[in-house]
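Student:
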């Protein structure tokens, strides 16, 4: 579109549709044309501008909205070994590497790597270590048809898995299959300088204490008690899905009951279980960073 710059001036203003979409509008001011020519030219330009900006704006907004709605967390296997498996979880464009293991050596190495990279990055950010946490257990009565199954009425299931996440590194520890847990894990979980965060986690600490290895965890916070919506209202009574959509802008990220209430004591976790557990821990980490919970 060509504009005659003679006897005119232009001002640029910003139109903000949302936090993601911001466009420039040009306002033309004429100074010396007669009234009839000025109005005629202004009408032509206004129509062209409206057509140009509205078409491109709607097209771009529609593409972005369609793209966002189609995206959902996915998982693929990277490698499988006797003592551990590695997966890649795509969480709306974030590539999260997930390790599933019961092997003490693998657990120790994961912790060492996390501490090493945190210390290296802390020289720039100076942020204390924050860890996303999730715990899963097999519901009481799940194996009620088994002869050796404990009575559901007076049985408090222990933690079967412990998932930890720092940055884009997650680990799912199969506590039921660990012959022992490394001392590095116990020290990591009880470090007073580290903040652990989860979502809807009031039972996690007790489940860990009742696990085979009687694990203790230090400063464990529930993200839902600290995050707020755009109007400043507490989200403490909102579901996991609602919190994720409100705070992160991703709809439909939910804890599927069929998976969360499944058997977490199996030898090999299903892809659905790994995906759910890793997303749980990763979201907890991201929300904890967003809310700066290391300052609480």
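In our numbering, the protein residues as written are 1 to 296.
The beta carbon of each residue, even a glycine, is placed where N, CA and C say it ideally should be.
(1) Alpha carbon to alpha carbon, what distance is there between residue 264 and residue 297?
(2) Tell me whether residue 195 is buried or exposed, calling it buried when 16 or more other Cβ atoms sit within 10 Å of its Cβ.
(3) What did DSSP end up calling residue 296 once you bin it into helix, strand or coil?
(4) Going along the chain, which residues of its own chain have a beta-carbon closer than 8 Å to the beta-carbon of residue 220, five neighbours each way excluded?
(5) Only counting runs of 4 or more residues, tell me where the alpha helix (DSSP H) segments fall wholly within the stretch 124-211, in order along the chain.
(6) Within its chain, find whatever has a CB closer than 7 Å to the CB of residue 240; leave out the 5 residues flanking it on each side and keep chain order.
(7) If you run the structure through DSSP and keep just helix, strand and coil, what is residue 237?
(8) Given a cut-off of 8 Å on the beta-carbon distance, is the pair residue 89 and residue 276 in contact?
(9) Please report the straight-line C-alpha distance between residue 289 and residue 212, rounded to a whole angstrom.
(10) What three-state label does DSSP hand residue 75 in the structure shown?
(11) Three or more C-beta pairs under 8 Å: does that hold for the stretch 107-124 against the stretch 165-180?
(12) Can you list, in chain order, the residues of its chain with a C-beta nearer than 6 Å to that of residue 272? Leave out the 5 residues immediately preceding and following it.
(13) I need the boundaries of the beta strand (DSSP E) containing residue 86, first residue and last residue.
(14) Exposed or buried, which one is residue 78 when buried takes at least 16 other CB atoms within 10 Å?
(15) Do you know offhand how far residue 112's Cα is from residue 267's?
(16) Under the DSSP definition of a beta bridge, which residues are partnered with residue 290?
(17) Output yes or no for whether 8 Å exceeds the beta carbon distance between residue 159 and residue 135.
(18) Output the boundary residues of the beta strand (DSSP E) element that contains residue 220.
Tutor: Judging by the given coordinates:
(1) For the chain, the structure presents residues 1 to 296; residue 297 sits outside this window and is missing.
(2) buried
(3) coil
(4) 133, 196, 197, 198, 201, 204, 205
(5) 183-190, 204-209
(6) 199, 200, 254, 255
(7) coil
(8) no
(9) 31 Å
(10) Strand.
(11) yes
(12) 259
(13) 84-91
(14) exposed
(15) 25 Å
(16) Secondary-structure assignment with DSSP links residue 290 through no beta bridge to anything.
(17) yes
(18) 219-222
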